[in-house]
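If you use the working numbering, the sequence shown corresponds to residues 171 to 321, in order.
The structure appears right after this line, and notes come after that.
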Amino acid sequence: MKDVSEQRYFLVREDVLTEAMQKTLDAKELLQSGEVASIWDAVKKVDLSRSAFYKYRDAVFPFHSIVRERILTVFLQLEDRNGTLATLLHTVAETQCNVLTIHQSIPIQGRANVTLSLDVTAMNVQLDDFLQQLKRLDFVESAEVISSGAS
Numbered sequence: 171m172k173d174v175s176e177q178r179y180f181l182v183r184e185d186v187l188t189e190a191m192q193k194t195l196d197a198k199e200l201l202q203s204g205e206v207a208s209i210w211d212a213v214k215k216v217d218l219s220r221s222a223f224y225k226y227r228d229a230v231f232p233f234h235s236i237v238r239e240r241i242l243t244v245f246l247q248l249e250d251r252n253g254t255l256a257t258l259l260h261t262v263a264e265t266q267c268n269v270l271t272i273h274q275s276i277p278i279q280g281r282a283n284v285t286l287s288l289d290v291t292a293m294n295v296q297l298d299d300f301l302q303q304l305k306r307l308d309f310v311e312s313a314e315v316i317s318s319g320a321s
């Protein structure tokens with residue numbers, strides 16, 4: 171598996187997805203529609219293991235949901251220094267992203283975790299470029315997309 175800093179995102183046709191990925195999408199649709207009440211029920215109905223569902227659930231999305239929602243959740247590990255959050259948010263604002271939520275852990279051993287949920291409807295750079303901008307900040311140890319599209 172590639173290092174998180176090297177990950178890129180692609181739009182692919184359904185027929186090239188693995189069966190497990192397609193079933194994960196089916197299970198997510200069942201959950202979103204309310205046809206089933208739990209992940210267990212959804213994976214059972216589409217004949218998919220729970221481990222496969224958890225492996226792919228934050229990696230595959232129907233194109234229409236990403237276009238409609240345009241919500242991106244990014245997890246960052248930061249060095250704890252004065253002004254890091256302000257600098258991070260300034261970088262996000264420069265790309266025209268709208269911050270929906272911020273969660274920051276209490277710094278432990280000079281490190282803090284930050285999770286940002288962003289509305290990227292007006293984002294003026296490509297996703298890969300945005301992640302690279304974040305990673306170039308000298309206090310960012312890692313930055314990775316943990317969710318995109320519909321939650």
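C-beta atoms are modelled at their ideal positions from N, C-alpha and C, and glycine is treated no differently.
Treat the numbers as computed from the prediction; the structure is a model and nothing was measured.
TODO: May I ask you to verify whether the region 253–270 touches the region 212–230, counting CB pairs closer than 8 Å and requiring at least 3?
DONE: no
Task: Residue interval of the beta strand (DSSP E) (run including Thr285) - done: Arg281 to Asp289
Task: C-alpha distance - Ala212 paired with Thr243, whole-angstrom precision - done: 24 Å
Open item on the list: Does Val290 pass the burial test, meaning 16 or more other C-beta atoms within 10 Å, or should it be called exposed?
Closed with: buried
Task: Three-way DSSP call (helix, strand, coil) for Leu187 in this model - done: coil
Open item on the list: For a test of your reading of the model: does the CB of Leu195 fall under 7 Å from any non-hydrogen atom of the ligand GTP? Yes or no.
Closed with: The model depicted lacks the ligand GTP and carries no ligand whatsoever.
- [ ] Assign Ser318 to buried or exposed, taking buried as 16 or more other Cβ atoms, counted over all protein chains shown, within 10 Å of its Cβ.
- [x] buried
Open item on the list: Lys214 and Leu200 - do their beta-carbons sit closer together than 8 Å?
Closed with: no
TODO: Using the Cα positions of Asp185 and Thr194, report the straight-line distance between them to the nearest angstrom.
DONE: 14 Å
Task: Own chain residues within Cβ distance below 8 Å of Gly253, not counting five before or after - done: none
Task: Separation of Ala282 from Lys305, as counted between CA atoms - done: 15 Å
Task: Distance between beta carbons of Ser312 and Leu246, contact taken as under 8 Å - done: 7 Å
- [ ] Determine the extent of the beta strand (DSSP E) in which Glu311 is found, giving its start and end residues.
- [x] Val310 to Ser318
Open item on the list: Let me check understanding here. Comparing Cα to Cα, which of Thr261, Ile316 and Val315 lies closest to Phe309?
Closed with: Thr261
- [ ] Would you mind sorting Ala197 into buried or exposed? The rule is 16 or more other CB atoms within 10 Å of its CB.
- [x] buried
Task: Whole-Å CB distance - Leu301 paired with Leu258, under 8 Å assumed - done: About 13 Å; that fails the 8 Å criterion.
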